[in-house]
Structures are given as structure tokens and as C-alpha cells.
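J.: Going left to right, the sequence shown walks through residues 1 to 49 as UniProt numbering numbers them.
Note that the Cβ used here is the ideal one computed from N, Cα and C, for glycine as well.
Here's a structure for you.
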Amino acid sequence: MLSPDTVSFLRDLAANNNREWFKANPQRYKEDLKVPAEIFADALASEIG
């Protein structure tokens, strides 16, 4: 789940932990964190039934 893009996004978020930065980066949030996390959660759910 933690791709280099995910780690990069989380590092940037930690360095810029404010609403303005987050509002300026919704596509990164979606592509680098939300979608990969959803894919991981779906795969995990199917494995544990």
C-alpha cells in the first residue's frame, strides 16, 4: 500500500499540515493516498472474508 508516491504525499502533508495546502492538493490526496488505501482495504476485506 505505501508506494513512494504515498510516502511523498504523507511527508509533504506533515510538512504543510494546514487547510490551505490540503485544499491546493486534492488530486494528490486522491491519487496518492485515498485510492491506494481503498484498494488495500478492499483486498484485505476479501482476504479476511
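Taking the Cβ atom as the reference point for each residue, do Thr6 and Pro26 lie within a distance shorter than 8 angstroms?
T.: Working through the sequence shown from its first residue, we reach residue 6 at position 6. Working through the sequence shown from its first residue, we reach residue 26 at position 26. No, these two residues do not count as a Cβ contact at 8 angstroms.
J.: Around the Cβ of Asp42, are there at least 16 other Cβ atoms within 10 angstroms (buried) or fewer (exposed)?
T.: On the sequence shown, residue 42 is found 42 positions in, with the first residue counted as 1. Burial call: exposed.
J.: Taking all protein chains shown into account, do 16 or more other C-beta atoms lie within 10 angstroms of the C-beta of Phe9, making it buried, or fewer, making it exposed?
T.: Numbered from 1 along the sequence shown, position 9 holds the residue referred to as residue 9. By the neighbour-count rule (16 or more Cβ atoms within 10 Å), Phe9 is buried.
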